[in-house]
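Here the structure is laid out as structure tokens; the discussion comes afterwards.
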Amino acid sequence: MLIYDLDLPSLETLLKNWNEPTYRAKQIWQGLYQHLYSTPDQFTNLPTSLRSKLAEELSFNAFRVKTYLDSSDGFTRKTLFELPDGNLIEAVLMRYGDPADDPQMATSATNRRGAKNRRTLCISTQAGCAMGCVFCATGQMGYKRHLTSGEIVAQVMYYAQMLKESDEAVSNIVFMGMGEPFHNYDNTLAAIDRLNDSDGYHFGARRFTISTVGLAPQIRRFADEGRQVNLAISLHAADDDERLAIMPVNKRYKIAEVIDACRYYIEKTHRRVTFEWALISGVNDTPEVARKLAARLKGLLCHVNAIPLNPTKGFSGEATDRQRATLFQQTLEQAGIPCTIRMRRGIDIAAGCGQLAGAESG
Ligand code: SAH
Ligand code: SF4
């Protein structure tokens, strides 16, 4: 059993079964999530007999680091993990200067540690993905399996432990790595709860972002939970036929149904929704498309995050150039929909959105 798969009550039950006092569970919990210990022998506040028992009965390693790659600008690291069953997953660390998302701002070591600088983790929720979006490398590889909550938590702990060595800390967690978080709803939410626990890692709900392909029933379920977690929807088209051509999920949930679910979410939570938009040259980047999109989103508390398409092996579409991206952004904004163009990160190591395919070649 992976130790990160346990929540605090389960850990307490386990310790009780071992005839240990309950407070030991809290000590282990704090060791894991406050001190960021990664091996049983680091728990020096526990008796050696209990440390041995932990080592015998529980696993501290969710995966093996197969390889990692740093982008040439030094701000992005992609780590490839091998799970015990041989499946490969990836998680990415992005260091940003604030507020312009400009790596140039974070060139000096001091600046890198500055309070304003963000350390964003992009975490996987599945090995592969079943949704089959044609422009996405993970979609192109197909579905392997759900990750357990502990396997999701362990990706965060891996980077948290690494960052701690240089006095840095994680500032944001986005579920935009491999997989569709709402297809693996329970485990993703359980991972968030574990990381959010105030006796443990205490990572604020508002610093998480779930990105979904648009599974309408799960968006509604998520709305009913009334969490402070941010929600992003991958839309990429304003017309059902056009969306279906690149996103098979549109067969089940049409754009209007997804947007209705978002409207429900906003009514329930009063939180702003992000719509993600990969700009594909000549496909979804024209002023006409921008106006159609604006009409669809009118009146919604939302904004659009557009990002020029990242290249993947299995898709021939090309990224929109800067000029046309700006025109798309301006057209949306003139129609009353706020839009930001995101910088592409880690392209040279295939760690950009939709490029994670669990292959060493990237
Ligand atoms: N399955 C979830 C989260 C993982 S994908 C989702 O689809 O939202 C994270 C983001 O990367 C999504 O917005 C997705 O649409 C986007 N994406 C996928 N492939 C991309 C590509 N080649 N270029 C740019 N963005 C891409
Ligand atoms: Fe899956 Fe998201 Fe990629 Fe679509 S974009 S295939 S939902 S990971």
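Note that the numbering used here numbers the sequence shown so that position 317 is 328, with each residue one more than the last. Glycine included, every Cβ here is placed at the ideal spot set by N, Cα and C. Remember, predicted model here, so these are calculated numbers, not experimental data.
- Each of Leu304, Gln334, Ile318 was checked against the Cα of Ala346, and the nearest Cα belongs to Leu304.
- Along the length of the region 217 to 257, whole alpha helix (DSSP H) runs at least 4 residues long occupy 227 to 236, 251 to 257, reported in chain order.
- Residue ranges of uninterrupted alpha helix (DSSP H) with 4 or more members, entirely inside the region 310 to 358 and ordered along the chain, are 333 to 345.
- Shown here, Cys147 sits in coil according to DSSP, grouped into three states, outside any helix or strand.
- Setting aside the 5 residues that flank it on each side, Gly153 is surrounded in the same chain by Gly139, each with a C-beta closer than 7 Å to its C-beta; the list follows chain order.
- Boundaries of the alpha helix (DSSP H) around Ile203: 196 to 207.
- Excluding the 5 residues flanking it on each side, Lys175 has same chain C-beta neighbours closer than 6 Å at Leu47, in chain order.
- Out of Asn321, Val145, Glu299, the CA that lies nearest to the CA of Ile257 is found in Val145.
- Straight across, the Cα-Cα distance linking Val76 with Asp96 is about 14 Å.
- With 16 or more other Cβ atoms inside 10 Å of its own Cβ, Asn295 counts as buried.
- A Cβ-Cβ contact shorter than 8 Å links Ala165 with Phe74.
- Sixteen is the threshold: since fewer than 16 other Cβ atoms of the shown chains lie within 10 Å of the Cβ of Arg283, the residue is exposed.
- Thr149 sits away from Asn195, with the two beta carbons spaced by 8 Å or more.
- Here DSSP, grouped into helix, strand and coil, assigns Asn261 to helix.
- Taken atom to atom, the span from the alpha-carbon of Asn241 to that of Asp197 is near 17 Å.
- Rounded to whole angstroms, the separation of the alpha carbons of Arg156 and Arg62 is 32 Å.
- Look at the beta carbons and you see the region 185 to 194 not touching the region 35 to 47: under three pairs across the two are nearer than 8 Å.
- Between Cys350 and Ala317, the beta carbon gap of about 6 Å places them in contact (Cβ cut-off 8 Å).
- Segment contact: the region 101 to 110 against the region 51 to 70, fewer than three CB-CB distances shorter than 8 Å; contact not assigned.
- No heavy atom of ligand 1 is found nearer than 7 Å to the CB of Val284.
- For the set Phe219, Leu367, Leu311, the Cα lying nearest the Cα of Gly325 is the one of Leu367.
- About 4 Å separates the beta carbon of Gly363 from that of Asn321, a gap short enough to meet the 8 Å contact definition.
- Ala248 and His213 have their C-alpha atoms roughly 37 Å apart.
- DSSP places Gly42 in the uninterrupted alpha helix (DSSP H) bounded by 34 to 44.
- If you ignore the 5 residues before and after Thr33, its C-beta comes within less than 6 Å of the C-beta of Glu23, all in its own chain and listed in chain order.
- For Met168 and Asp81, the gap between their C-alpha atoms comes out near 19 Å.
- DSSP places Glu179 in the coil class of the three-state scheme, outside both helix and strand.
- In summary, Gln229 is buried, with 16 or more beta-carbon neighbours lying within 10 Å of its beta-carbon over all protein chains present.
- Judged by the Cβ position, Val164 fails to qualify as a neighbour of ligand 2 at the 7 Å threshold, every heavy atom of the ligand being at least this far.
- Going by DSSP, Glu67 is part of the alpha helix (DSSP H) stretching over 59 to 68.
- In this structure, Gln340 has its CB at a distance of at least 7 Å from all heavy atoms of ligand 1.
- In this structure, the alpha-carbon of Arg129 lies about 18 Å from that of Ile352.
- The beta carbons of Pro51 and Phe71 sit closer together than 8 Å.
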